[in-house]
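All remarks here apply to the structure that follows.
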Amino acid sequence: MDYKDLANLIFPNVKPVEYYEEKYPKRNLKEGAIVTRYAPSPTGFVHIGGLYQSLIAKKLANQTEGVFFLRVEDTDQKREVENGVAGIVKALRDFNMLPDEGMIDEENEIGNYGPYKQSLRKEIYQAYAKDLIEKHLAYPCFDSPEELDQMRKKQEEAKVRPGYYGVWATWREKPLDEVIEKIKNGDSYIIRLKSMGREDKKIKHHDLIKGNVDFPENDQDIVIIKSDGLPTYHFAHAIDDHLMGTTLVIRGDEWLSSVPLHLQLFQTLGFKAPKYAHLAPIMKEENGNKRKLSKRKDPESAVEFYAKEGIPDEAVKEYLLNIANSNFEQWRKANKNAKLEEFNLQLNKMGVSGALFDMIKLLDISKTVISKYTKEEVYEETIKWANSYDKDLKQLLEKDKDYTLCVLGIERGNEKPRKDIAKWSDVKENIEYMYDDVYFSKEHTYEFQKIQDKEEIKKIISLYLEKYFNIEDDKQTWFDKIKDLAEELGYAREVKMYKQEPEKYKGHVGDVSTVIRIALTARANTPDMYEIMQVLGENSVVKRLKEIKL
Ligand code: GLU
Numbered sequence: 073m074d075y076k077d078l079a080n081l082i083f084p085n086v087k088p089v090e091y092y093e094e095k096y097p098k099r100n101l102k103e104g105a106i107v108t109r110y111a112p113s114p115t116g117f118v119h120i121g122g123l124y125q126s127l128i129a130k131k132l133a134n135q136t137e138g139v140f141f142l143r144v145e146d147t148d149q150k151r152e153v154e155n156g157v158a159g160i161v162k163a164l165r166d167f168n169m170l171p172d173e174g175m176i177d178e179e180n181e182i183g184n185y186g187p188y189k190q191s192l193r194k195e196i197y198q199a200y201a202k203d204l205i206e207k208h209l210a211y212p213c214f215d216s217p218e219e220l221d222q223m224r225k226k227q228e229e230a231k232v233r234p235g236y237y238g239v240w241a242t243w244r245e246k247p248l249d250e251v252i253e254k255i256k257n258g259d260s261y262i263i264r265l266k267s268m269g270r271e272d273k274k275i276k277h278h279d280l281i282k283g284n285v286d287f288p289e290n291d292q293d294i295v296i297i298k299s300d301g302l303p304t305y306h307f308a309h310a311i312d313d314h315l316m317g318t319t320l321v322i323r324g325d326e327w328l329s330s331v332p333l334h335l336q337l338f339q340t341l342g343f344k345a346p347k348y349a350h351l352a353p354i355m356k357e358e359n360g361n362k363r364k365l366s367k368r369k370d371p372e373s374a375v376e377f378y379a380k381e382g383i384p385d386e387a388v389k390e391y392l393l394n395i396a397n398s399n400f401e402q403w404r405k406a407n408k409n410a411k412l413e414e415f416n417l418q419l420n421k422m423g424v425s426g427a428l429f430d431m432i433k434l435l436d437i438s439k440t441v442i443s444k445y446t447k448e449e450v451y452e453e454t455i456k457w458a459n460s461y462d463k464d465l466k467q468l469l470e471k472d473k474d475y476t477l478c479v480l481g482i483e484r485g486n487e488k489p490r491k492d493i494a495k496w497s498d499v500k501e502n503i504e505y506m507y508d509d510v511y512f513s514k515e516h517t518y519e520f521q522k523i524q525d526k527e528e529i530k531k532i533i534s535l536y537l538e539k540y541f542n543i544e545d546d547k548q549t550w551f552d553k554i555k556d557l558a559e560e561l562g563y564a565r566e567v568k569m570y571k572q573e574p575e576k577y578k579g580h581v582g583d584v585s586t587v588i589r590i591a592l593t594a595r596a597n598t599p600d601m602y603e604i605m606q607v608l609g610e611n612s613v614v615k616r617l618k619e620i621k622l
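Numbering-wise (my numbering), the sequence shown opens with residue 73 and increments by one.
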């Protein structure tokens, strides 16, 4: 009996590793092409950090004509939830970031390096585990949880490092016949790596984000195959990223400390290791302290949040690129209308520590992004959002599409487009007053500003209607007439004039036009009033101003 017999006894039916090496040939890509991936566990929750990671991965792959794939890491079956894969794919689809290869829904995938779901790759991992057992680089371990517990206690008492290593690795060099007998007996076991590392030796790692880092070598005989026959994350990572041709692993920096182990696994398996780039997490400030965005406390940590709020994917991506590369903002200033694809993302410009999440900034970016949309785009996107989240709004928009397009077209498509919409959920509030049926069905409280006196307000409105309002006027004439109205009532026709001699006037043209604006819309902030009147039409303007209840 030798180790080959042991390997055969444990995994009698797996294919030789050569089979897989041939089945998944080296990718034929141009020099420098980055093959990278997003490798989430289907836990039912997609964190904004996962989207951030995917965005960076996809962008780097695109920039180098490489490949971005999605691999589902479902070997921890306790953590899995139903439809977890669908949730991940939906998140990527919602953000227009579908991968080049990998899972495309719960069951299906595209690409030649699959399966892209780890639970379907069991025999692949076992083939490599078998190979290691044959070479006596891995071995079965029969320790029960109680025995491991006892060992831990002893280590605590002896004040030594915990874990399965060195003299503590009891099953590492057990006589073969004892091992084989236990297997034949049907005893339960796991497979461990026989680590050749030494804790007192250092390895150097050059991380593409974190820079040079030194670690002690791994000397732990870590588990590679669990008792359910599935691999641990570490083992699957090495095998999958080797067979799938990954050249760069981009992942959260909680994995940085696993690098020594991963490099060791690649080496033991005879694979070339990929490069690594460990991303700092997105942080939040709370009471002056920085902490990671938390699934439990922060709704914005869930990718779903953005879809629900109706923040366009482009805005979220733009914001994430802002966090990713400090030179993004400058690039954007110089290239106002460029597509995000044109920005050249660089790993060496990524922050080593976590950037703070800033919702105000995100919404600000979103306003600018939306301000560049045509009215038709705003219409389509709002309908799409409303279809899932606000049926009343959908109805309002669709009732008279042409009218809605006119409303959405106010101050859009010009040099300085309106920037009052940050998310689709803002649209209702921003346009509702433009629909007469909605407007007249509500009781409004008109919050007048500088001019508060009811008689004065009535005078302004009635004189305007009688003498100055004409829907046919062009914008200049329309504005001149408001100036005339102001003058007739004792207000300065220019703000400047008022500022020079305030004692001469009751106020200025701005105060008068504010009265008309509020009387017309029941709000103090609106886009351009001339355009509003044009869209509302003569009847509506007259009715609103005449029927106002002060
Ligand atoms: N499944 C791991 C995670 O959920 C993947 C880490 C990696 O990208 O290698 O974070």
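We put the beta carbon where it would ideally sit given N, CA and C, even for glycine. In this text the structure is predicted, and so the values were computed from the model without any measurement.
Apart from the 5 residues on each side of it in sequence, Lys254 sits with its Cβ closer than 6 Å to the Cβ of Phe214 in its chain, given in chain order. Contact between Gly122 and Pro112 holds, with the beta-carbon distance rounding to 6 Å and staying under 8 Å. In terms of Cα proximity to Gly324, the closest of Gly426, Arg368, Trp243 is Gly426.
Approximately 4 Å separates the beta-carbon atoms of His314 and Phe343; this is inside 8 Å, confirming the contact. Fewer than three beta-carbon pairs drawn from the stretch 461-472 and the stretch 348-359 are found closer than 8 Å, and the two stretches are therefore not classed as touching. Between Asp203 and Arg244, the C-beta spacing is not below 8 Å.
Per DSSP, Val118 lies in no alpha helix (DSSP H) and is assigned neither H nor E. Between Tyr197 and Ala349, the CB-CB gap reaches or exceeds 8 Å. With the rule of 3 Cβ pairs closer than 8 Å, the stretch 136-149 counts as touching the stretch 189-196.
When DSSP states are grouped into helix, strand and coil, Leu302 belongs to the coil group. The criterion of a C-beta distance shorter than 8 Å is satisfied by Ile322 and Ala129.
Look at the beta carbons and you see the stretch 491-503 touching the stretch 451-462: at least three pairs across the two are nearer than 8 Å.
Taking the Cα positions, Val581 is about 16 Å away from Leu537.
Taking the C-beta atoms as reference points, Tyr211 is found no nearer than 8 Å to Leu341. Considering only Ile532, Ser299, Val251, the residue with the shortest C-alpha distance to Ile263 is Ser299. Within the same chain, Tyr602 come within 7 Å of Lys547 by CB-CB distance, once the 5 residues on both sides are set aside.
Distance from the CA atom of Ser366 to the CA atom of Tyr124, rounded to whole angstroms, is 15 Å. With a threshold of 7 Å, the Cβ atom of His278 does not count as near the ligand GLU, since no heavy atom of the ligand is closer than that.
In chain order, Ser443, Lys444, Glu483 place their CB closer than 8 Å to the CB of Pro489, counting only its own chain and leaving out the 5 sequence neighbours on each side.
The shortest CA-to-CA distance from Asn168 to any of Asp385, Gln606, Tyr540 is the one to Asp385.
In this structure, Pro346 sits near Leu320, with a CB-CB distance shorter than 8 Å. Contact check for Gln521 and Thr586: beta-carbon distance about 6 Å, within the 8 Å limit, so the pair qualifies.
In the three-state reduction of the DSSP assignment, Pro247 falls in the coil class. Going by DSSP, Asp146 is part of no alpha helix (DSSP H) at all; its letter is neither H nor E. Taking 8 Å as the cut-off, the beta carbon of Ile533 is found no closer than this to the beta carbon of Ala494. Rounded to whole angstroms, the separation of the alpha carbons of Gly159 and Gly116 is 6 Å. It is roughly 19 Å from the alpha-carbon of His516 to the alpha-carbon of Glu528. For Tyr110, the enclosing beta strand (DSSP E) covers residues 107-110.
Below 8 Å, too few C-beta pairs join the stretch 130-138 and the stretch 76-94 to call them touching: fewer than three. Remark: the shortest separation between the CB of Ser267 and any heavy atom of the ligand GLU does not fall under 7 Å.
Leu417 is a Cβ neighbour of Leu393, given a cutoff of 8 Å. Sequence-distant partners of Asn180 (beyond 5 residues in either direction) whose C-beta falls short of 7 Å from its own C-beta are missing from its chain. The Cβ atoms of Asp545 and Tyr563 do not sit closer than 8 Å to each other. Taken in chain order, the complete alpha helix (DSSP H) segments of 4 or more residues contained in the stretch 208-243 are 217-229. Ranked by Cα distance from Ser267, the options Glu575, Leu170, Glu154, Leu335 are led by Leu335. Excluding residues up to 5 positions away in sequence, Tyr540 lie with their Cβ nearer than 6 Å to the Cβ of Lys553 in the same chain.
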